[in-house]
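As they're listed, the protein sequences go chains C and X.
The opening residue of the first sequence carries number 0 in numbering that gives the first Met the number 0; numbering runs sequentially from there.
The opening residue of the second sequence carries number 0 in numbering that gives the first Met the number 0; numbering runs sequentially from there.
From the three backbone atoms N, C-alpha and C, an ideal C-beta is built for every residue, glycine too.
In what follows, a single structure is set out as structure tokens and then discussed.
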Amino acid sequence: MLEIVQSQQNDIAILSLQGRLDTNTSSSLETTLVDLVEKSQKKLLLDLSALEFISSSGLRVLLMIAKRVKGMDGKMVLTSLKSNVQNVFEMAGFTMLFTILPSNEKAIEALQ
Amino acid sequence: MKNTLTIHIQNRLSELEKVNQRLQTFFNAHPQSMHVRNAVHLAIDELISNIILHGYADRADHQIEIRVALVEDQLVVKIEDDARPFNPLTALPADTESPLSERPIGGLGIHLVRNLTDTLHYEYRNQHNVLTLKIATEEP
Numbered sequence: 000m001l002e003i004v005q006s007q008q009n010d011i012a013i014l015s016l017q018g019r020l021d022t023n024t025s026s027s028l029e030t031t032l033v034d035l036v037e038k039s040q041k042k043l044l045l046d047l048s049a050l051e052f053i054s055s056s057g058l059r060v061l062l063m064i065a066k067r068v069k070g071m072d073g074k075m076v077l078t079s080l081k082s083n084v085q086n087v088f089e090m091a092g093f094t095m096l097f098t099i100l101p102s103n104e105k106a107i108e109a110l111q
Numbered sequence: 000m001k002n003t004l005t006i007h008i009q010n011r012l013s014e015l016e017k018v019n020q021r022l023q024t025f026f027n028a029h030p031q032s033m034h035v036r037n038a039v040h041l042a043i044d045e046l047i048s049n050i051i052l053h054g055y056a057d058r059a060d061h062q063i064e065i066r067v068a069l070v071e072d073q074l075v076v077k078i079e080d081d082a083r084p085f086n087p088l089t090a091l092p093a094d095t096e097s098p099l100s101e102r103p104i105g106g107l108g109i110h111l112v113r114n115l116t117d118t119l120h121y122e123y124r125n126q127h128n129v130l131t132l133k134i135a136t137e138e139p
């Protein structure tokens, strides 16, 4: 199960992910993010504080979107990774690819 | 509760939910640290989705067996399937260092499995892939 709660704060799209980002659920995140990118949404904040689990299919979606966001001169920030999610990011060498911040407030500051 | 869990699933991704629930029940009876639970969940998720998505040349139903056993200070996971022979130990290493623009998309599943497990043993016998993973337990 993955729940995606989407909101907008000025020009920043905020997505809060809750549950599991795995082989079965990553396509729903992909659809949501591709839709935003295609509408030229340049600033994305992904709140991962309630994300319990991530697999390589979730990493795949995040990497693909990060490339597209960079390609349109946008910015994506991830916040509040749980320790097991952080650990998977480290194993995959993803911490060097993403801006990861401890709170949404800090992320909004960084995106403005 | 026994120290062994055996799960039989069909080669459909929807079956992963069943695997996830059975693992949760097993870990409720045999508490493990967050790190160890995540390692077992993730390794199984990666390997089973690989088998289902890439392993079969036909569209027939196939059975996959997953056994999890708590043996002293190790969790031993054995996965047996009749998909085409595939030894994850021979998969090419993943690129985990290139910058964003050059980083290839995909190929991280097996890399994660190798990083999560202490030992990984593969054999092909009786037309079946048999993969055994060992993960050291720690204080929950």
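Original post:
When burial is assigned at 16 or more other CB atoms within 10 Å of the CB, is residue 31/X buried or exposed?
Top reply: Burial of residue 31/X is indicated by the presence of at least 16 other C-beta atoms within 10 angstroms of its C-beta.
Original post:
Touch check for the segment 43-56 of chain C and the segment 40-48 of chain X: three-plus C-beta pairs under 8 Å?
Top reply: As far as the Cβ criterion goes, the segment 43-56 of chain C touches the segment 40-48 of chain X, which means the pair count is three or higher.
Original post:
Counting only beta-carbon atoms, is residue 66/C nearer than 8 Å to chain X?
Top reply: Flagged as an interface residue toward chain X: residue 66/C, by a C-beta distance shorter than 8 Å.
Original post:
Secondary structure at residue 118/C, three-state DSSP: helix, strand or coil?
Top reply: Missing from the structure shown is residue 118/C; chain C here goes from 0 to 111 and no further.
**OP:** Determine the chain X residues that contact residue 83/C at a beta-carbon separation under 8 Å, and present them in chain order.
**Re:** Chain X residues near residue 83/C: 33, 34 and 37.
Original post:
Mind listing which residues of the segment 64-80 of chain X have their C-beta closer than 8 Å to chain C's C-betas, in chain order?
Top reply: Listed by position along the chain: nothing, the set is empty.
Original post:
Would the C-beta of residue 135/X count as close to the ligand COA, meaning under 7 Å from any of its heavy atoms?
Top reply: Inclusion of the ligand COA in the displayed structure is not the case, the ligand content being empty and no account of it being possible.
**OP:** Answer with buried or exposed for residue 78/C, where buried requires no fewer than 16 other C-beta atoms within 10 angstroms of its C-beta.
**Re:** A buried status is given to residue 78/C, since no fewer than 16 other beta-carbon atoms sit within 10 Å of its beta-carbon.
Original post:
Can a CB atom of chain X be found closer than 8 Å to the CB of residue 88/C?
Top reply: By this cut-off, residue 88/C is not an interface position.
**OP:** Report all residues from its chain with a CB closer than 8 Å to the CB of residue 41/C; omit the five preceding and five following residues, and keep chain order.
**Re:** Sequence-distant partners of residue 41/C (beyond 5 residues in either direction) whose C-beta falls short of 8 Å from its own C-beta, in its chain, are 10, 68, 71, 72, 73 and 74.
**OP:** List the residues of chain X that residue 22/C touches, going by C-beta distances under 7 Å, in chain order.
**Re:** Correct list: 12, 15, 44 and 48.
Subject >> Chain-ordered chain C contacts of residue 108/X [CB-CB under 7 Å] >> reply: Proximity of chain C to residue 108/X at the Cβ level (cut-off 7 Å) is accounted for by 55, in chain order.
Original post:
Is the Cβ of residue 63/C closer than 8 Å to any Cβ of chain X?
Top reply: Interface residue, yes.
Original post:
How is residue 111/X classed by DSSP in three states: helix, strand or coil?
Top reply: Correct three-state label for residue 111/X: helix.
Subject >> Min CB distance residue 45/C to chain X below 8 Å >> reply: For residue 45/C, no Cβ of chain X is located within less than 8 Å of the residue's own Cβ.
Subject >> Nearest candidate by alpha-carbon position, reference residue 122/X, set 11/X, 28/X and 82/X >> reply: Residue 82/X is the option with its Cα nearest to residue 122/X.
Subject >> Coil, strand or helix - residue 90/C by DSSP >> reply: Residue 90/C falls in the helix class under three-state DSSP.
Subject >> Per-residue contacts from residue 69/C into chain X (C-beta, under 9 Å) >> reply: The answer, in chain order, is 99 and 100.
**OP:** Would you mind reading off the limits of the beta strand (DSSP E) that contains residue 9/X?
**Re:** Where residue 9/X is concerned, the enclosing beta strand (DSSP E) stretches over 3-9.
**OP:** In the DSSP assignment, find the beta strand (DSSP E) that holds residue 100/C and state where it starts and stops.
**Re:** Start and end: 98-100.
Subject >> Of the listed residues 105/X, 20/X and 53/X, nearest to residue 86/X (C-alpha basis) >> reply: Looking only at 105/X, 20/X and 53/X, the smallest Cα-Cα distance to residue 86/X is reached by 53/X.
Subject >> Closest by C-alpha distance to residue 73/X, when choosing among 55/X, 11/X and 134/X >> reply: The option with the nearest alpha carbon to residue 73/X is 134/X.
Original post:
For residue 138/X, which residues from the same chain have a beta carbon less than 7 Å from its beta carbon, with the 5 sequence-adjacent residues on both sides left out?
Top reply: Within the same chain, residue 138/X has close Cβ partners 32.
Original post:
What is the DSSP secondary structure of residue 57/C, reduced to helix, strand or coil?
Top reply: Under the three-state reduction of DSSP output, residue 57/C falls in the helix class.
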